[in-house]
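Quick mapping for you: the protein sequence lines, in order, are chains A and B.
Sequential numbering of the first sequence, starting at 1, is according to the numbering used here.
Sequential numbering of the second sequence, starting at 1, is according to the numbering used here.
We treat Cβ as the ideally placed atom computed from N, Cα and C, and that holds for glycine.
Data first, discussion second: the structure below is written as structure tokens.
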Amino acid sequence: MKFISAIIKPFKLDEVREALSAIGVQGITVTEVKGFGRQKGHTELYRGAEYVVDFLPKVKVEIAIDDKILDQVIEAIEKSAATGKIGDGKIFVFNLEQVTRIRTGETGSEAL
Amino acid sequence: MKKVLSILALVTTLGLGFTGNVLAEDAPAADAATTEVVATPDAVAPVEAATPEVATAPEAAPAEAAAPEVAPTVDKGDTTWMMISTILVVLMVPGLALFYGGLVRSKNMLSVLMQVFVVFSLVSVLWAVYGYSLAFGSGAGPIIGDFGKLFLAGVTSDSLSDTFTAGVKIPEYVFIAFQCIFAGLTATLIVGSFAERIKFSAVLLFSAIWFTLSYIPIAHMVWGAGGYLLGQGALDFAGGTVVHINAAVAGLVGAYMVGKRIGYGKEALTPHNLTLTMLGAALLWVGWFGFNAGSNLEATGGAGLALVNTLFATAAAVLAWSIGEAFTKGKASMLGAASGAVAGLVAITPACGSVGPMGGIVIGFAGGFLCLWGVTGLKKLLGADDSLDVFGVHGVGGIVGALLTGVFTAPSLGGTGKPDFSIASQVIVQGEGVIITIIWSAIAAFIAYKIADLIVGLRVSEEAEREGLDTTSHGERAYNI
């Protein structure tokens with residue numbers, strides 16, 4: 001099993017969700033986050049005070065999947081979240097050791 | 001019938017001569033009433049109405065004069081207008097609170113709202129107890145009134161106050177309330193300078209002392225009977241010196257004495273809600289119509305003039321600030337437009353009753369551009385953490401307005417000054433008023449902060465400042481989302 005954490009542009013969230021649903025991903029967890037990579041921040045000016053805002057708003061999408069569909073999932077996110085401009089985000093993949101569905105007590109792939 | 005009565009009263013007064021008007025600009029108004037009847041817009045309407053009927057009036061005049069002493073006119077329209085103006089000015093309290101509140105960080109929102117609300121209430125009570133008597137009481141000293149109306153002694157619903165027109169009066173209670181709001185509002189303006197770090201008890205103590213030592217004497221000098229600056233001929237229609245320069249200087253002294261906020265110049269101290277700031281500025285604009293046009297004390301063309309000036313000058317200042325920002329910073333901001341509105345309102349305040357609409361627009365533009373410099377270039381020069389730019393907006397705008405009042409009151413520039421109006425000498429008188437106010441307020445503020453510091457201490461602890469004043473000073477949070 002794999003755990004995927006993808007950082008994407010906030011306005012791409014719906015497209016990513018649709019692309020993931022289309023290939024059978026059952027659930028996703030979404031968090032609004034801030035961060036910076038190569039994309040530069042912006043400057044805000046309040047009367048005489050100028051502030052450089054480095055951290056930009058992004059959305060973090062987390063999903064747990066079976067090994068078999070890993071490539072499909074990465075491809076789906078990559079295509080749906082891309083704009084071609086700097087700041088499109090990244091996809092991180094982790095090995096996932098254990099999953100338990102709280103309601104039934106199922107574990108492993110069945111619990112995904 | 002009422003018209004006839006007012007004409008009779010006017011003619012009687014003209015006959016009896018002017019008998020001591022109490023308020024600012026009464027000198028020109030009195031001159032107009034006796035000599036240059038048509039020159040001053042204030043006096044135009046009633047006097048013109050009276051002229052054609054002069055032939056019939058003398059028959060009735062003796063009877064009127066024989067009646068016990070005087071027959072002052074109290075017009076229901078004037079009284080209504082002044083009560084509505086008073087209520088409009090109260091709208092500036094939430095306006096200012098929201099304007100300031102939006103500019104602080106969310107952890108200090110309630111502390112600013114609370115300081116504005118309670119300082120206003122505190123000064124209102126002090127006004128009734130001794131403020132009114134010392135500022136507008138029966139005493140005619142050059143600097144201060146007397147204790148004759150302590151606790152509003154002797155004032156009843158039949159008591160009357162003078163207006164700018166001889167013989168036309170308004171109920172004294174209405175005048176007391178109208179002037180009370182000015183006093184309260186002036187003290188609340190200062191809150192913006194030391195916001196986000198001062199102790200609540202220190203704010204209240206400072207406000208009470210400063211109101212007593214600075215607001216009352218300056219108000220008396222500019223507006224009160226026998227006041228020094230009034231005698232010099234200084235023009236301050238609705239309070240450019242009394243309210244804005246006075247408060248701004250006290251604020252600047254406070255910014256120095258309370259010290260900079262933790263993280264000032266290093267961390268981002270961003271406004272938490274500019275939507276509220278814009279709403280506050282808009283409420284201030286609405287309330288300011290009562291402030292400026294109400295200062296005419298009568299529902300006449302003079303009030304109309306103050307009204308259009310409050311409209312056009314403010315609009316011009318919004319444009320000026322936005323244009324200035326767009327050219328110097330690259331973008332015109334909402335905060336800039338809202339600040340421009342307040343700058344324009346401040347700048348036109350002393351001028352609104354005596355300059356023409358075009359002069360008003362020029363004053364608005366000048367106020368907008370110069371206050372933008374006040375919160376950027378000048379702020380850097382001063383080196384104080386005047387949190388919400390009270391001096392940059394109210395101080396600079398107040399000084400610009402006070403001086404330009406001396407320019408655009410000139411009849412050749414569309415103002416209502418007399419034909420022999422001298423721009424140079426008037427600007428000097430205006431400058432004198434500005435300098436006296438700056439020095440007086442600075443010393444009074446210094447004393448008031450020192451006393452507050454000795455008794456309760458000015459600043460909250462570093463820990464409380466980081467935590468935010470809402471929870472540490474007031475035990476509540478503005479937003480529980």
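Partner residues in the beta bridge of residue 95(A), as assigned by DSSP, are 2(A). DSSP places residue 124(B) in no beta strand (DSSP E) but in the uninterrupted alpha helix (DSSP H) bounded by 109-126. For the options 266(B), 442(B), 192(B), 148(B), the alpha carbon positioned closest to that of residue 51(A) is the one of 266(B). Counting the other Cβ atoms within 10 Å of the Cβ of residue 172(B) gives 16 or more, which makes it buried.
When Cβ-Cβ separations below 8 Å define contact, residue 108(A) makes no contact with chain B. For the C-beta of residue 333(B), the chain A residues within less than 7 Å are, from N- to C-terminus, 45. For the pair of segments examined, the stretch 419-427 of chain B was found not to touch the stretch 140-152 of chain B: the number of CB pairs separated by less than 8 Å stays below three.
Take the alpha-carbon of residue 200(B) and the one of residue 272(B): they are about 21 Å apart. Under the three-state reduction of DSSP output, residue 453(B) falls in the helix class.
Exposure of residue 103(A) is indicated by the presence of fewer than 16 other C-beta atoms within 10 angstroms of its C-beta. Using a CB distance cut-off of 8 Å, residue 248(B) does not count as an interface residue toward chain A. Following the DSSP letters along the chain, one finds residue 160(B) inside the beta strand (DSSP E) bounded by residues 160-162. When C-alpha distances from residue 386(B) are compared across 198(B), 206(B), 85(B), the shortest belongs to 198(B). By the criterion of a C-beta distance shorter than 8 Å, residue 476(B) is surrounded in its chain by 110, 470, once the five residues flanking it on both sides are discounted. Taken through DSSP and simplified to helix, strand or coil, residue 220(B) comes out as helix.
Ranked by Cα distance from residue 325(B), the first of 337(B), 283(B), 354(B) is 337(B). Distance from the CA of residue 344(B) to the CA of residue 397(B), rounded to the nearest whole angstrom, comes to 7 Å. In this structure residue 243(B) is buried. Its beta-carbon is surrounded by 16 or more other beta-carbon atoms within 10 angstroms. When 450(B), 300(B), 434(B), 456(B) are compared, the shortest CA-CA separation from residue 240(B) is found for 434(B). When DSSP reads this structure, residue 429(B) sits in no beta bridge, so it has no partner. With the rule of 3 Cβ pairs closer than 8 Å, the stretch 375-383 of chain B does not count as touching the stretch 355-365 of chain B.
Here the stretch 269-286 of chain B lies against the stretch 87-99 of chain B, with 3 or more beta-carbon pairs under 8 Å apart.
Each residue's CA atom was taken as its position, placing residue 56(A) and residue 85(A) some 15 Å apart. Each of 86(B), 347(B), 367(B) was checked against the Cα of residue 174(B), and the nearest Cα belongs to 86(B). Under the criterion of beta carbons closer than 8 Å, residue 6(A) and residue 77(A) qualify as touching, at roughly 5 Å. Under the three-state reduction of DSSP output, residue 418(B) falls in the coil class, being neither helix nor strand.
In this structure the stretch 249-268 of chain B lies against the stretch 435-446 of chain B, because at least three pairs of beta carbons, one per stretch, are closer than 8 Å. Counting only Cβ-Cβ distances below 7 Å, residue 35(A) has no contacts in chain B at all, with the closest Cβ about 17 Å away. For residue 68(A), the three-state secondary structure derived from DSSP is helix.
Contacts with chain B at 8 Å (Cβ-Cβ) include residue 48(A). At a cut-off of 8 Å between beta-carbon atoms, residue 322(B) makes no contact with chain A. Assignment of residue 166(B) by DSSP, reduced to helix, strand and coil, places it in the coil class. DSSP places residue 259(B) in no beta strand (DSSP E); its state is neither H nor E.
Of 363(B), 218(B), 150(B), the smallest CA-CA separation from residue 317(B) is found for 363(B). Within the stretch 266-282 of chain B, 268, 269, 270, 271 place their CB atoms closer than 8 Å to a CB of chain A, listed in sequence order.
If you look at residue 172(B), you'll find it in the alpha helix (DSSP H) that goes 172-189.
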